[in-house]
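Chains as they are written, first to last, in this note's numbering: chain F, 25 to 407; chain G, 15 to 414. Worksheet for the structure shown next.
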Amino acid sequence: MEANFIYLDNSATTKPSDQVLESFTKASAQYFGNASSIHGIGMDADRLLRKSREQAASLLQVSPNEIVFTSGGTEGNNIAIKGIALEHQNRGKHIITSTIEHPSVLEACQGLEALGFDVTYLDVDESGLVDVSSVKAAMRDDTILVSIMHVNNEIGSVQPIKQIGEIVANYPKAFFHVDHVQGFGKLPLNLDECHIDLCTISGHKIHGLKGTGILFVKHNVKLFSLAHGGGQERKIRSGTENVAGIVALVKAMRLALESQDEVNAKLTSLKHILMEQLQSTEGIVINTPEQSAPHIINFSAPGLKPEVVIHALEEFGIYISTKSACSSKSADESAVLIACGKERAVAISGLRVSMSKETTREEIEYFSQQLQEVTEKLREVMR
Amino acid sequence: MEYDHIVIRYGELTLKGRNRKIFTTQLAKNVRQALKDFPAIKVEKLRDRMYIVLNGEDPDAIMERCRKIFGIQSMSVALKVENDVEVIKESALKLLTEAENVRTFKVSTKRSNKEFPLDSQQFNQVLGGHLLANTDDFTVDVHHPDLEVSVDLRDEATYITTKKIFGAAGLPVGSSGRALLLLSGGIDSPVAGFMTMKRGVQLEAIHFHSPPYTSERAKEKVLDLAEKLSFYGNSVRVHVVPFTALQQKIHREIPNGYSMTVMRRMMMRISEAVAKKEGILSLVTGESLGQVASQTMESMHAINAVTNYPVIRPLVAMNKDEIIRISKEIDMYEISIRPFEDCCTVFVPKQPKTKPKLEKVEQFEANMEFEQDIQDILDNIETVVVEAKDKQDEDMDDLL
């Protein structure tokens with residue numbers, strides 16, 4: 025398999041690491057019990073679950089009862105947003121988020137609007153950044169939730185989470201949720217210093233497995249449950265615990281954090297190399313801002329259909345994506361690029377390269393060389 | 015410049031007279047035992063303090079581990095240098111400029127080496143002046159410095175120390191003999207164990223297990239609590255008592271209101287027998303006066319009557335919220351509140367006597383044959399040695 029293809033769609037999902045898979049199979053075979061069963065086999069699973077929770081907590085520098093295991097980013101975001109809204113609607117019905125959030129945040133907010141909640145969608149500037157003063161201006165007495173992502177999944181912009189957190193902290197009725205799915209393992213985020221009440225993390229974006237994730241829920245935060253039942257996970261998310269998946273997730277988290285600095289440095293230098301090469305490629309417009317996460321580079325080839333470019337690159341074994349996989353099925357333009365004020369020709373031709381710790385310089389150079397040839401050829405055809 | 019030592023200060027131990035050596039020797043032993051995962055270190059025990067020679071090991075991790083060792087008043091990281099004014103000045107300057115997040119400092123000198131040419135006041139001025147003259151953005155703050163640079167001028171060498179943190183205080187575990195803790199799995203008994211260890215006691219624990227009325231999880235909970243306690247000593251032996259048969263017998267033969275009192279007396283008898291066999295001289299319980307039916311003055315009197323052994327009750331005068339606060343501080347609370355029944359709650363009568371009469375209890379017991387039951391129990395006790403880490407733990411750690 026290796027060297028036969030170049031995978032540059034790591035913001036859609038990553039390849040599970042061998043160590044993670046090994047832990048998953050071992051845990052599945054040896055600790056298959058239901059952690060809620062009271063016999064010995066259940067007990068061992070429960071013990072492993074407890075240790076996993078402790079390790080996850082120490083990695084995030086929080087306490088174990090603040091870890092809620094979920095099935096991933098979409099579920100985490102939904103539990104956080106709807107859970108706060110339904111539990112605390114007596115305090116107020118106003119929610120603040122941004123226009124470039126992941127669909128699992130935006131759609132959840134729109135769903136709540138249909139139930140009578142009032143949502144403010146903050147605009148972003150051309151770099152995809154939320155203006156801190158606009159958060160301040162939007163805060164009201166009836167604001168119960170501010171939900172802002174750390175790293176944007178399409179263009180890689182990094183929001184000023186700490187400053188936003190400091191503003192929200194002045195409003196005791198409002199909670200602060202951060203979608204950290206794209207940021208975890210790439211950029212550090214101190215939950216305590218940023219005054220974060222809820223934080224979503226997903227396993228399969230960090231070389232873990234699909235169907236695993238964490239929602240950090242600060243100890244004093246109450247949520248309305250979206251899954252009532254056996255009372256697992258602080259009664260926030262009932263359902264038999266996916267112990268082996270959780271083990272895999274926590275292992276992936278540890279590996280990601282241990283190599284975070286090194287991976288960040290490596291990807292930052294690869295990003296600069298690629299950005300320079302893209303700048304000198306004719307007909308390419310770079311959408312990712314200069315200051316951004318190390319692993320995402322978004323650019324457009326105005327005049328070319330992005331699907332065509334992607335399939336043309338696939339011929340060379342190179343895999344990249346248009347916008348994000350989660351919104352690829354919706355109409356042609358990227359809402360994120362539109363929100364950043366890009367013109368329509370740019371917004372409908374967005375392409376995304378997303379790297380992982382395994383990406384090499386050779387791969388990036390091969391990619392940019394092939395991109396140049398592919399776009400040149402396609403433009404000839406178009407003429 | 016890297017710190018090469020940790021200084022450990024004794025506190026209360028220095029009040030000891032001719033016996034001091036017993037305490038400091040025990041402390042050195044405990045420190046070595048607790049730090050066995052740091053093989054490169056060396057422990058040097060002096061009369062008035064202890065040094066850990068780091069030999070490259072991580073001082074922060076070592077200090078964190080040492081915070082759970084009783085008998086340590088405070089600790090600092092230290093750099094050992096020769097008794098030379100210039101060398102001390104240069105080393106202190108390096109330590110100051112390399113420290114993170116430090117803008118203000120203070121110098122404090124202690125001179126036990128009377129040969130040293132400057133006295134402590136003079137040296138404070140010399141060193142403070144040198145540090146200020148050779149840096150740009152540091153200022154002196156004698157009240158709340160970010161970094162206190164302490165210079166200890168001793169006969170054999172000079173130690174420059176910073177980052178002082180307080181230890182767990184108390185007496186080194188092992189210096190006050192051994193005691194047997196009645197460990198139920200609730201909130202109180204582990205706190206009582208902790209407080210007893212703080213006075214230098216090496217703990218063993220006894221747990222009454224009534225399968226199938228109490229689950230394996232209740233037992234596991236107790237072992238987890240014992241593991242937490244073992245961090246304050248070296249290891250904790252837990253004697254797990256098979257209590258089912260005797261409990262059923264009490265339930266059958268003793269009138270309802272008195273069954274709890276009799277059960278407690280049986281626990282005391284068994285505990286005393288185990289203590290006697292193990293050469294342990296006292297029992298420890300988590301009782302707090304007036305908390306539940308078995309902890310009224312009358313109950314304590316009736317229950318205590320079966321033993322001549324000292325029963326240490328560290329929590330007797332404490333309120334529940336104080337006990338919970340300590341339980342949380344020592345990281346036991348989350349384990350204690352796991353919802354598994356222990357043997358005390360399984361057969362609990364609806365209306366236990368809060369004022370049992372000793373004569374009545376004795377009368378009821380006289381009609382019950384129990385000597386053989388106790389002997390059977392003693393023959394079948396399972397003793398588990400709980401250390402800070404066990405085998406399954408290591409397997410699980412590998413997975414994670």
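For each residue, glycine too, the CB sits at the ideal point set by N, CA and C. Just so we're clear, the structure is a prediction, and the values are computed from it rather than from any experiment.
In this structure, the straight-line span from the alpha carbon of Gly188 of chain G to that of Arg79 of chain G is close to 18 Å.
Rounded to the nearest whole angstrom, the CA to CA distance from Val309 of chain F to Phe323 of chain F is 5 Å. Arg117 of chain G counts as exposed, since fewer than 16 other beta carbons sit within 10 angstroms of its beta carbon. Cβ-Cβ distances below 8 Å link Gly143 of chain G to nothing in the same chain once the five nearest sequence neighbours on each side are left out. Selection G:Val121, G:Leu297 and G:Leu167 evaluated against Val156 of chain G yields G:Val121 as nearest (Cα-Cα). Closer than 8 Å to the CB of Arg231 of chain G there is at least one CB belonging to chain F. The continuous stretches of alpha helix (DSSP H) do not include Asp166 of chain G, which lies in the beta strand (DSSP E) extending over residues Leu161 to Leu167. Spatial neighbours of Ile362 of chain F in its own chain (CB-CB distance under 7 Å, excluding positions within 5 residues in sequence) are listed in chain order as Ala371. Using beta-carbon distances, Glu234 of chain G counts as an interface residue toward chain F, with a partner under 8 Å. Taking CB atoms only, Ile124 of chain F has no neighbour in chain G less than 8 Å away. Relative to the Cα of Arg283 of chain G, the nearest Cα in the group G:Ile388, G:Asp51 and G:Gln87 belongs to G:Ile388.
For Leu413 of chain G, the chain F residues whose Cβ falls inside 8 Å of its Cβ are Ser47, Lys50, Ala51, Leu72, Val271 and Lys275, in order along the chain. Secondary structure within the region 256-295 of chain F: the alpha helix (DSSP H) runs of 4 or more consecutive residues, fully enclosed, are 267-282 (chain order).
For Ser76 of chain F, at least one C-beta of chain G is nearer than 8 Å to its own C-beta.
The Cβ of Glu292 of chain G sits no closer than 8 Å to any Cβ of chain F. Straight-line spacing of the CA atoms in Ser61 of chain F and Met67 of chain F works out to 7 Å. When beta bridges are read from the DSSP output, Thr224 of chain F appears opposite F:Asp203 and F:Leu239. A residue is called buried when at least 16 other Cβ atoms come within 10 angstroms of its Cβ; Ala48 of chain G meets this threshold and is buried.
Spanning the alpha carbons of Glu383 of chain G and Lys242 of chain G requires a straight line of approximately 38 Å.
With three or more CB-CB distances shorter than 8 Å, the region 294-312 of chain G counts as touching the region 196-206 of chain G. Looking at the backbone, the Cα of Ile337 of chain G and that of Gln284 of chain F are separated by about 41 Å.
When DSSP states are grouped into helix, strand and coil, His112 of chain F belongs to the coil group.
In this structure, DSSP gives Met379 of chain F a state outside helix and strand, which the three-state scheme calls coil. Within the region 329-358 of chain G, those residues whose Cβ lies closer than 9 Å to any Cβ of chain F are, in chain order, Glu348 and Phe354.
Beta-carbon to beta-carbon, Ser171 of chain F and Thr121 of chain F are separated by about 5 Å, close enough to satisfy the 8 Å threshold. Using a Cβ-Cβ cut-off of 8 Å, Gln206 of chain F is close to nothing in chain G; its nearest Cβ partner there is about 24 Å away. Secondary-structure assignment with DSSP links Lys291 of chain G through no beta bridge to anything. For Met410 of chain G, the neighbours in chain F by C-beta distance under 8 Å run, in chain order, Arg71, Leu72 and Lys75.
Sequence-ordered contacts of the region 93-126 of chain F with chain G are nonexistent [C-beta pairs closer than 9 Å].
Contact note: Asn89 of chain F reaches chain G through Glu348, using a C-beta cutoff of 8 Å and chain order. For Ser47 of chain F, the enclosing alpha helix (DSSP H) covers residues Asp42 to Gln54. A distance below 8 Å separates the beta carbons of His19 of chain G and Ile66 of chain G.
In the same chain as Ile55 of chain G, and ignoring 5 residues on each side of it, the C-beta atoms closer than 8 Å to its own belong to Leu49, Ile66, Val67, Leu68, Asn69, Glu71 and Ile76, in chain order.
Residue-level contact check: Arg278 of chain F touches chain G, since one or more beta carbons of chain G fall below 8 Å from its beta carbon. Between Ala276 of chain F and Ser41 of chain F, the C-beta gap is smaller than 8 Å, which places the two residues in contact. Closest by C-alpha distance to Asp169 of chain G, out of G:Lys128, G:Ala193, G:Leu185 and G:Asp150, is G:Lys128.
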